[in-house]
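Below is one structure, written out as C-alpha cells; comments come after it.
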Amino acid sequence: MAFGITSINGQKVRFGVGLRNDICSELSELGSEKALVLSTPQQVDMAMELATAIGDRASGLFTRATMHTPVDVTEEAVEHALSIQADSLVSIGGGSTIGLGKAIALRTGLPQIAIPTTYAGSEATPILGQTEGGVKKTLTDAKVLPRVILYDPELVATLPPAMTVTSALNAMAHAAEALYAKDRTDQTTELAVDGLKAFAEGFPNVVENPGDLKAREETQRGAWACGTVLGQVGMALHHKLCHTLGGSFNLPHAETHAIVLPHAIAYNAVGVPELLTPVSQILDGGEPGQALWDFAKKMGAPMALKDLGISEADLDRATEIALRNPYWNPRPITADGLRALLQNAWAGNAPG
Ligand code: NAD
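So for the sequence shown, our numbering puts the first residue at 846; every next one is plus one.
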C-alpha cells in the first residue's frame, strides 16, 4: 500500500502505539513553549493526561470543543489562546476538536498538532466547516492544515463500539466518493483504494477485538488515506446529502454518513458502475451499494435514518432542500430518485 508516513502537503504524519507521549519532541521541533490543549467536554480526562505529559510546555486547556465548530465557541477559544500567549495548539479528539483547532489557526496563524481519536479524517484536510446563525459553511485554506498528526492506536481503542463503526463508515465515505470525483487522478484513486482496503481488512478485527492495536493502527492508516483524499478531490451526492441532513435536521454526523453511504453509492453506481468496481472487489462481492450495506450491517452499524429522529414526513422537505443548490454528481440527481433513496435509508431497507 502507498501510505505516506512522513510528509504530504508539508504535513508530518506518524503512526504508533503510545505516540501521544512523544508530544514534547514534536512541540520542541515546532519551537513551541506554550501549547494550548483542546478537547471536548467528554474528553477532558484525555486532555488533562496529555497536558500532564506536556508538562512545562503546556500553558492551558480549552475543553469546550463542540460539534459543527460554532463561531462563538471559536471566538472564546481565540481570546483564551491570546490571553495565555499560546504559541501552538494541540487538538486531542475527533473532528469537532480538530475543527476547533483549525478555526483558531485560521484566525491566529498558530501551528497545530492533531492527535485524532476517531476515524473522521479532518486532521488530513485543509477544509474547515464552521457554524454561525444555524448555517454551516465550509472553506478550504492551507492555513488550517495541522503541521503534525500523531496517530496513536491506543486512543481509538477507547472509542465506544457504536462510534467505532459509524466513524469508520464516515471515513470510507470519503474514499468511495473520491473514486468517481470529477477531479480525480490516478494518485487519488490509489489513495481511496488503499483507504477502503485498510478498513475492509482491519475493521472486522477491530470489531471482534476492540483492543487489537495492530488492527486499530491499520484502520488509522485507512482514516489518514480517506481524509487525505477528501482534501484532494471534490465530493458529490453522499457528502452533500449528509450535509443537508446534518445541517437542517440536526442529525449526528458519523451515524448519518454510515446510514446514507450504501444508498448514495447504489444511486451513483447506476451512472458510473466501472468507477465503483473497486468497492465491490474490496468488500468481496455484489453491487457496490449492496456490498457496502452488507458490510455495514455485518459490522453492526445503524441502518435506518428513522432511528436518528427524523420523521417520514420530513423526507419531502429534505429532498427539496437537498435539490436547492445544484452541484456536480456523476449521475443526474432527480427529485424522484433522491426521494426514493431517502425512503430506503429512512426505513433501513437495502439500497434500491
Ligand atoms: P466528534 O469529534 O464530534 O466526537 C463525537 C463524540 O465522541 C464527542 O463527544 C467526542 O468527545 C467523543 N469521542 C471522540 N473520540 C473518542 C474516543 N476515542 N473515546 C471516547 N469518546 C470519544 O466526532 P467526529 O465524527 O470525529 O467529528 C465530526 C465533526 O468533524 C463534524 O463536525 C464534521 O463536519 C467534522 N469533519 C470535518 C472534516 C474536515 O475535513 N473538515 C472531515 C471529517 C469530519
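Backbone N, C-alpha and C fix where the C-beta goes; we use that ideal spot for every residue, glycine too.
Among the options, nearest to residue i - alpha-carbon criterion
i, options, result
"K981", "A1068, I949, T1089, G905", "T1089"
"H1083", "D1129, A1068, L1014", "L1014"
"L1075", "T1179, L973, E871", "L973"
"Y1172", "S928, I949, K1085", "K1085"
"S873", "I958, V918, G954, G905", "I958"
"P1107", "H1019, Q930, R859, P886", "H1019"
"L955", "S877, W1138, A969", "S877"
"Q930", "M912, K879, T914, V918", "K879"
"K1059", "A1016, A1007, E999", "E999"
"K1042", "A1016, D1028, K1027", "A1016"
"D1031", "K1151, E1046, L1120", "L1120"
"N1203", "T1179, N1170, W1138, L1168", "Residue 1203 lies beyond the residue range present for the chain, which begins at 846 and ends at 1197; the question has no answer from this structure."
"K1151", "V935, A1045, A1192, F1094", "A1192"
"N866", "L995, T1011, D901, V889", "L995"
Whole-angstrom distance between residue j and residue i, CA atom to CA atom
i, j, result
"Y1112", "A896", "46 Å"
"P971", "A987", "5 Å"
"L1004", "E1132", "30 Å"
"M1080", "N1050", "29 Å"
"G1182", "G978", "31 Å"
"P1055", "I868", "25 Å"
"E1022", "E921", "35 Å"
"L1187", "A1149", "10 Å"
"L864", "I899", "13 Å"
"S933", "E1053", "38 Å"
"G849", "F1140", "Since pLDDT at G849 reaches only 43, below the 50 mark, its modelled position is unreliable, and the value read off the structure follows with that caveat. Rounded to whole angstroms, G849 to F1140 spans 27 Å at the Cα level."
"D997", "K947", "20 Å"
"H1225", "V918", "The structure shown does not extend to residue 1225, since the chain is modelled only from 846 through 1197, so no value can be given for it."
"P991", "F860", "15 Å"
"E871", "V858", "11 Å"
"I1110", "A1190", "12 Å"
"N1174", "A1068", "24 Å"
"G855", "A969", "11 Å"
"S1156", "C1087", "16 Å"
"V862", "I1166", "44 Å"
"V935", "D1057", "26 Å"
Residues near residue i by beta carbon distance below 8 Å, same chain, minus five either side
i, result
"V1001", "P961, T962, T963, Y964, T1009, R1061, T1064, Q1065"
"L1153", "L1096, P1097, E1100, T1101, I1104, P1147"
"R1184", "L1160, D1161, T1164"
"Q803", "Outside the shown range of the chain (846 to 1197) lies residue 803, about which nothing can therefore be said."
Cβ-Cβ separation, residue j to residue i (assumed contact under 8 Å), whole Å
i, j, result
"G1134", "P1177", "Not a contact, Cβ separation roughly 17 Å."
"V1117", "Y1025", "5 Å"
"A950", "V989", "5 Å"
"V833", "T953", "What is shown of the chain runs 846 to 1197, which leaves residue 833 out entirely."
"L1168", "A1180", "6 Å"
Neighbourhood of residue i by C-beta, 7 Å cutoff - its chain only, sequence neighbours within 5 removed
i, result
"S884", "M891, A892, T908, A910, I937, G938, T942"
"S967", "G940, I943, G944, G1072"
"F1048", "A1013, T1064, M1144"
"K1203", "Residue 1203 is absent from the structure shown; the chain starts at 846 and stops at 1197."
"L984", "L973"
"A903", "A880, V882, A896"
"A1136", "V1124, S1125, L1128, G1130"
Reduced DSSP category for residue i - H, G, I as helix; E, B as strand; rest coil
i, result
"Q975", "strand"
"K1027", "coil"
"K879", "coil"
"R859", "strand"
"P915", "strand"
"Y1172", "coil"
"V993", "strand"
"G938", "strand"
"Q930", "coil"
"S904", "strand"
"V889", "helix"
"V1078", "coil"
"I949", "helix"
Heavy atom of the ligand COA within 7 Å of residue i beta-carbon
i, result
"V858", "Annotation note on the ligand COA: not contained in the displayed structure, which lists the ligand NAD as its ligands."
Residues near residue i in its chain [Cβ-Cβ closer than 6 Å; skip 5 each side]
i, result
"M846", "Bear in mind that a pLDDT of 42 at M846, under 50, signals an unreliable position, so the number given afterwards is only what the model happens to contain. Excluding sequence neighbours, M846 sits near D1039."
"A1070", "L1036, D1039, G1040"
"G1092", "K981"
"G905", "L881, I929"
"V1078", "A1023, A1026, D1028, R1029, T1033"
"M912", "S941"
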